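Enquirer: Here you go, one structure.
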Amino acid sequence: MRLVTRADFDGLVCGALITLMEDVDGYLFVEPKFMQDGTVEVRLGDAIANLPYRPDCSLWFDHHITNAASWRRHLGDDEIAARESIVPGKGGFRLAPSAARVVYEYYATAEGNRRIQEGLKILKSARMRILLDETDKIDAGRLTPEDALHPAGYVLVSMTIDGKRAQDEPYWLRLIELLRDATLSEILWEPEVQRRCDGILAAQEKLKAILLERSALKGNVIFVDLRGLTGIPEGNRFLLYTLFPTGNISLKVADDSQRAGMTAISVGYNIFNTTSRINVGALMEKYGGGGHHVVGSCRVPSEEAERAIQEIFEAIKE
Numbered sequence: 000m001r002l003v004t005r006a007d008f009d010g011l012v013c014g015a016l017i018t019l020m021e022d023v024d025g026y027l028f029v030e031p032k033f034m035q036d037g038t039v040e041v042r043l044g045d046a047i048a049n050l051p052y053r054p055d056c057s058l059w060f061d062h063h064i065t066n067a068a069s070w071r072r073h074l075g076d077d078e079i080a081a082r083e084s085i086v087p088g089k090g091g092f093r094l095a096p097s098a099a100r101v102v103y104e105y106y107a108t109a110e111g112n113r114r115i116q117e118g119l120k121i122l123k124s125a126r127m128r129i130l131l132d133e134t135d136k137i138d139a140g141r142l143t144p145e146d147a148l149h150p151a152g153y154v155l156v157s158m159t160i161d162g163k164r165a166q167d168e169p170y171w172l173r174l175i176e177l178l179r180d181a182t183l184s185e186i187l188w189e190p191e192v193q194r195r196c197d198g199i200l201a202a203q204e205k206l207k208a209i210l211l212e213r214s215a216l217k218g219n220v221i222f223v224d225l226r227g228l229t230g231i232p233e234g235n236r237f238l239l240y241t242l243f244p245t246g247n248i249s250l251k252v253a254d255d256s257q258r259a260g261m262t263a264i265s266v267g268y269n270i271f272n273t274t275s276r277i278n279v280g281a282l283m284e285k286y287g288g289g290g291h292h293v294v295g296s297c298r299v300p301s302e303e304a305e306r307a308i309q310e311i312f313e314a315i316k317e
């Protein structure tokens, strides 16, 4: 089985759970937009996790609101089966806090040989329950200001993952192994993890200065324009919301690092001020993207970016 997933914390935890229960002999890390555009070759036997659905996959696990209609397609338009969030041999879909939670629910009731039974013991262990709870918290943005200002533990580890850096694939594969087999303290002692975590913490002040320089509060909207800027520290996407606590939604634009001539646009609720009522995923879907109710993204041709940005701003302002 080949695992097709996204290189973010949720996607790697999905990988940890799936490799615990399945024989995975290959990996493909892709961004959601490439799946939506149909540029990714998916084949029979693939398991897709935390990404939009593509035909020919054998297993599919997801939790994004904009992908809900694909669950019925995956089940052959079987409306009765589609009412279930878990279908043996097909995968699972529900609006859970994380895709990893859906993967866990799929395998938690598995039956089979000794290897599966051994996997279930680990899957249902206290260590895995903690990992899943943390994954839910991170992916759903259920953090505290302290988590954003002074990240630690799994929150800090999650900030070391940048899915746009293809050269980091060996690190992603190592993290899948560590998240599956190791305790948090063992993960944090891993030299490469430690190096990257130290780098995130060391760059906090630089990132804060960039965000203050490149951001503006426009009514309820925190507008961040990072176009033309290089050398942006990776990691802490939640720091912005500690700087603009009265804004209830962010609109970020940046050059698309994976596609020349494209602009990346992301919108998200302020996790510390969730008073917006916009369905962000549905809004992003209008521009070829997607996401959740509270966060989403899209990529548009740069020559169309100003129009898209203005339209999105008008849609989310109050």
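Going by numbering that gives the first Met the number 0, the sequence shown opens with residue 0, and the numbers climb by one from there. Glycine included, C-beta positions come from ideal geometry on N, C-alpha and C. This one's a predicted model, so the numbers in the text were calculated from it and none came from an experiment.
1. Going by C-alpha distance, which of S57, F92, L50, P169 is nearest W70?
2. Can you tell me whether DSSP reads K136 as helix, strand or coil?
3. Opposite N235 in the DSSP bridges: which residues?
4. From which residue to which residue does the alpha helix (DSSP H) around C13 run?
5. Could you tell me how far apart the beta carbons of G49 and T4 are, in whole angstroms, since I believe they sit closer than 8 angstroms?
6. Across which residues does DSSP place D47 in a beta bridge pair?
7. Mind checking who R298 pairs with in its DSSP beta bridge?
8. First and last residue of the beta strand (DSSP E) that includes I308?
9. Taking D197 as part of the alpha helix (DSSP H), name the residues at either end of that continuous run.
10. What's the gap between the Cα of Q203 and the Cα of I209?
11. Cβ of T143 within 8 angstroms of Cβ of F8?
12. Quick one: what does DSSP say D255 is sitting in, helix, strand or coil?
13. Please specify which runs of the alpha helix (DSSP H), each continuous and at least 4 residues long, are wholly inside the region 79-112, giving them in chain order.
14. Are there 16 or more other CB atoms within 10 angstroms of the CB of E168, so buried, or fewer, so exposed?
15. Would you check whether the ligand ZN has a heavy atom nearer than 7 angstroms to the C-beta of A314?
16. DSSP has Y170 in a bridge; who is on the other side?
Expert: According to the structure data:
1. The candidate whose alpha carbon is nearest that of W70 is F92.
2. Helix, per DSSP.
3. Beta-bridge pairing links N235 to no other residue.
4. For C13, the enclosing alpha helix (DSSP H) begins and ends at 8-20.
5. Residue 49 is actually Asn in this sequence, not Gly. The pair is a contact, with the Cβ atoms about 6 angstroms apart (cut-off 8 angstroms).
6. According to the sequence as given, residue 47 is Ile; it is not Asp. Per DSSP, the beta bridge partners of I47 are V3, W59.
7. Looking at the DSSP output, R298 bridges to A263.
8. No beta strand (DSSP E) holds I308; the alpha helix (DSSP H) holding it covers 304-315.
9. Element bounds for D197: 190-201.
10. Rounded to whole angstroms, the separation of the alpha carbons of I209 and Q203 is 10 angstroms.
11. The criterion of a C-beta distance shorter than 8 angstroms is not satisfied by T143 and F8.
12. Residue state, collapsed to three classes: coil.
13. For the region 79-112, the continuous alpha helix (DSSP H) assignments of 4+ residues that do not extend past its boundaries occur at 98-106, in sequence order.
14. So E168 counts as exposed.
15. The ligand ZN is not part of the structure shown, which contains no ligands of any sort.
16. In the DSSP output, where bridge partners are listed per residue, Y170 has none listed.
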